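**Student:** Using our numbering, the first residue of the sequence shown is number -13, and each one after it goes up by one. This structure is in structure tokens; I'll ask about it shortly.
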Amino acid sequence: MGSHALIHGLANYYREYIPNFAAVTAPLTDLLKKGQPNAVEWGEAQERAFQTVRSTLTEKPVLRLPDPKKPFVLRTDTSNDGVGAILMQEHERKLHP
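Structure, rendered in structure tokens:
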């Protein structure tokens, strides 16, 4: 699986927290379409989409305040190109970043 697919997969996992998900990630989705010409490469549109997803998930406002009395869940991912992690807690039977 390529890094484009990993980025899109992570974004898709948290799509409910990303307003206008389909529109925001359309440039990333274009990279994954089968039969696309090889000319579709990471460009300015893909970088803007990635930065929008990243800032939506990591910058204020915080999606949930952490509760120090509850356990944390750490999800990790690694590849030849990098390492990633998300720290989450369960609230109302659902994991939140």
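Every residue, glycine too, gets a C-beta built ideally from N, C-alpha and C. Bear in mind the structure is a predicted one, so any value in this text is a computation, not a measurement.
DSSP state of residue -7, grouped into three classes?
**Tutor:** As a working mapping, residue -7 is identified with position 7 in the sequence shown. Helix, per DSSP.
**Student:** Assign residue 13 to one of two classes, buried (16 or more other C-beta atoms within 10 Å of its C-beta) or exposed (fewer than that).
**Tutor:** Numbered from 1 along the sequence shown, position 27 holds the residue referred to as residue 13. Residue 13 should be labelled buried.
**Student:** Return the CA-CA distance between residue 7 and residue 44, expressed in angstroms with no decimal places.
**Tutor:** Looking up residue 7 in the sequence shown gives position 21. Looking up residue 44 in the sequence shown gives position 58. Near 16 Å, if we compare the C-alpha coordinates of residue 44 and residue 7.
**Student:** Per DSSP, what kind of secondary structure is residue 17 in: helix, strand or coil?
**Tutor:** Locating residue 17 in the sequence shown gives position 31, counting from the first residue. Of the three classes helix, strand and coil, the one that applies to residue 17 here is helix, per DSSP.
**Student:** Kindly indicate which three-state DSSP category residue 51 falls into: helix, strand or coil?
**Tutor:** By 1-based counting over the sequence shown, the position of residue 51 is 65. It is coil, neither helix nor strand.
**Student:** My output table needs one value for residue 76: the three-state DSSP class, helix, strand or coil.
**Tutor:** Start at 1 with the first residue of the sequence shown, and residue 76 comes out as number 90. Here residue 76 sits in strand by DSSP.
**Student:** For residue 31, tell me which candidate among 4, 9 and 77 has the shortest Cα-Cα distance.
**Tutor:** The sequence position of residue 31 within the sequence shown is 45, counting from 1. Comparing Cα-Cα distances from residue 31 to each of 4, 9 and 77, the minimum goes to 9.
**Student:** I need the straight-line Cα distance from residue 53 to residue 62, nearest angstrom please.
**Tutor:** Taking the sequence shown and counting its residues from 1, one reaches residue 53 at position 67. Taking the sequence shown and counting its residues from 1, one reaches residue 62 at position 76. Rounded to whole angstroms, residue 53 and residue 62 show a C-alpha spacing of 21 Å.
**Student:** State yes or no: is the C-beta of residue 17 within less than 9 Å of the C-beta of residue 27?
**Tutor:** By one-based count along the sequence shown, residue 17 stands at place 31. By one-based count along the sequence shown, residue 27 stands at place 41. Yes, the Cβ-Cβ distance between residue 17 and residue 27 is below 9 Å.
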